[in-house]
Every structure is written in structure tokens, then in C-alpha cells.
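Residue numbers (this note's numbering): 62 to 306.
The C-beta atom is built at its ideal place from N, Cα and C for all residues, glycine as well.
Structure, as C-alpha cells:
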């Protein structure tokens with residue numbers, strides 16, 4: 062059951078995770094379920110609730126497995142406790158076998174921390190390793206593709222995107238519809254960015270026109286586009302491809 066809960070985190074289904082982890086904790090008083098509930102609330106932006114739950118977890122931290130310590134590190138990273146998160150995540154990576162999905166999850170969060178601190182080479186290598194072991198880890202997709210595009214490694218970025226899309230399609234039917242639409246829009250946006258980065262402007266503009274013509278997809282795409290603007294993606298995209306009517 063715990064691995065099923067963690068899979069929800071890998072898929073970024075955090076509302077589902079918050080409820081499922083709460084139910085599992087109430088049924089069996091499992092500390093790791095309480096931790097995953099706190100992680101979900103941290104991702105959903107409810108930091109006060111997350112901290113209240115994680116205080117209970119940290120009081121019994123000696124009971125946590127290395128897999129659970131990776132979850133705690135991820136949650137603390139979201140809450141801004143980067144020093145403690147770094148220690149927990151590094152310990153988890155050292156102690157867990159590479160074949161465990163949770164090891165890739167810990168590596169991805171270490172890469173995120175490196176990226177936040179401007180260590181882009183370290184971040185790129187961490188995301189590569191995490192993706193190599195676990196292509197379905199959603200948090201890696203956009204970060205890895207964009208770091209590769211920053212280095213003009215468009216061919217590798219395209220390969221990553223194709224593997225990410227295959228991983229998404231394999232589990233698409235298991236996702237809540239809004240999550241599936243959001244992730245598909247994010248993947249489509251990455252393809253658009255690759256086209257723009259490689260000056261395939263005709264393909265980029267044709268695809269964009271089709272998306273905007275479909276009002277159902279347009280709203281989801283606008284949301285993905287706005288998130289991308291916040292992280293500077295639009296610097297790679299020509300002005301004539303940016304009009305959303």
C-alpha cells in the first residue's frame with residue numbers, strides 16, 4: 062500500500078494522495094502514511110497543515126526507513142528547510158539500492174536543490190540519473206528537457222520527451238482527468254519548446270494554431286504556458302509564436 066501511495070506522489074496526484082494517505086493512517090497508524098499526507102499538503106501549498114503533520118513524524122524519525130527519509134527530505138525541501146532536506150536525501154541515495162523507484166525520487170530532489178542553488182551541471186546529471194531509472198517521474202520531465210535545451214542538446218531533449226510521453230501514455234488511464242490533461246499539456250508544451258529551440262517555427266506555429274482552435278485544450282495550454290513564463294522559458298520562443306487569442 063505504501064508503494065501505491067508513493068506512486069501517486071511520483072505521478073503528482075497530490076489531492077488523491079492527501080486523502081488516501083490520511084485514510085491509510087487512520088486505519089493503521091502507519092507513520093509513513095502520515096508523512097506522505099504531509100508531503101501531499103506541502104505540494105498543494107498548505108504549508109501550515111504540512112508542518113503540523115510533519116512535526117509528529119519528526120518526533121518519531123528514528124522509526125523511518127530510508128525510503129521514508131527520502132519522502133521527509135522532499136517535504137522539507139518544499140517547506141524551505143533545505144539544509145535538513147539535503148542531509149536526508151543524500152543519506153537516502155547512499156543507502157537505497159539503485160533499482161528502487163524511491164532512490165530515483167531522492168536523486169531528482171537533490172537535482173532540484175542543486176538547480177535552485179545555481180549548480181546546473183550537478184542538477185542536469187541528477188535529473189539524467191533519476192530519469193534513466195524512472196522515466197515516469199513527472200517532476201523530472203520539464204526540468205531535464207529545459208536544462209538540455211539550455212545546453213543546445215536538442216536531440217537528447219527530444220529523446221527524453223519521447224520516453225516521458227511513453228511513460229505518461231502507459232499510465233494515462235489511471236490518472237484523474239484534470240491531472241492527465243495537465244500533464245499532456247505540459248508534454249505538448251515541451252515539444253513546442255524543442256521545435257522553437259531548433260527553429261522549426263512552421264511546426265511550432267501550426268501546432269499552436271491547432272491547440273488554440275480547440276477551446277478545451279486552449280485553457281489547459283494557457284495554464285501550462287503561464288507556468289513556463291514564470292521560469293523564463295519564453296526567452297527561447299519567437300514573438301510570433303506567443304499570441305494566445
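request  = Kindly indicate the opening and closing residues of the alpha helix (DSSP H) around residue 117.
outcome  = The continuous alpha helix (DSSP H) containing residue 117 extends over residues 108-120.
query = Distance, Cα to Cα, residue 211 vs residue 233?
reply = Distance between the alpha carbons of residue 211 and residue 233: 29 Å.
query = Start and end of the alpha helix (DSSP H) containing residue 307?
reply = An answer regarding residue 307 cannot be provided, because it is not within the stretch 62 to 306 covered by the chain.
Euclidean distance between Cα positions of residue 74 and residue 261 = Roughly 33 Å between the two C-alpha positions.
request  = Helix, strand or coil for residue 68, going by three-state DSSP, please let me know.
outcome  = Here residue 68 sits in helix by DSSP.
query = residue 192 to residue 88, Cα distance in whole Å?
reply = Cα to Cα, the separation comes out at about 34 Å.
Residue closest to residue 241, alpha-carbon to alpha-carbon, out of 214, 228, 253 = It is 228 whose Cα lies nearest to the Cα of residue 241.
request  = Could you spell out where the alpha helix (DSSP H) holding residue 200 opens and where it closes?
outcome  = For residue 200, the enclosing alpha helix (DSSP H) covers residues 199-211.
inquiry  = Between which two residues does the alpha helix (DSSP H) holding residue 104 run?
reply    = Residues 92-104.
key: Extent of the continuous alpha helix (DSSP H) run through residue 233   = Careful: residue 233 lies outside any alpha helix (DSSP H) and carries neither H nor E.
task = Under 6 Å Cβ to Cβ from residue 167, same chain only, skipping five residues before and after it: list those, please.
result = Excluding sequence positions up to five before and after residue 167, its CB lies within less than 6 Å of the CB of 131, 150, 153, 154, all in the same chain and listed in chain order.
query = If you count every other CB in all the chains shown that lies within 10 Å of the CB of residue 271, and 16 or more means buried, which is it?
reply = Exposed: under 16 other Cβ atoms inside 10 Å.
key: Of the listed residues 269, 263, 105, 171, nearest to residue 134 (C-alpha basis)   = Closest by C-alpha distance to residue 134, out of 269, 263, 105, 171, is 171.
Under the three-state DSSP convention, the category residue 147 falls into = Correct three-state label for residue 147: helix.
message = For residue 68 and residue 265, what's the separation of their Cα atoms in angstroms?
response = If I take the Cα positions, the gap works out to 33 Å.
message = For residue 138, tell me which candidate among 85, 175, 83, 162 has the shortest Cα-Cα distance.
response = With distances taken between Cα atoms, residue 138 lies closest to 175.
ask   = Any idea what DSSP makes of residue 260, helix, strand or coil?
value = In this structure, residue 260 counts as coil in the three-state DSSP scheme.
request  = Within 10 angstroms of the Cβ of residue 114, are there 16 or more other Cβ atoms? Answer buried if so, exposed if not.
outcome  = Residue 114 comes out buried.
key: Three or more C-beta pairs below 8 Å linking the region 215-224 and the region 176-185   = Judged by Cβ distances under 8 Å, the region 215-224 makes no contact with the region 176-185, as fewer than three pairs qualify.
task = May I ask which residues mark the beginning and end of the alpha helix (DSSP H) holding residue 190?
result = First-last of the alpha helix (DSSP H) with residue 190: 181-194.
key: Length of the line joining the Cα atoms of residue 205 and residue 195   = One C-alpha to the other measures close to 13 Å.
request  = Compute the beta-carbon to beta-carbon distance between residue 208 and residue 217, rounded to the nearest angstrom, for a pair I have assumed lies under 8 Å.
outcome  = Contact between residue 208 and residue 217 is absent: CB atoms are separated by about 10 Å, not below the 8 Å threshold.
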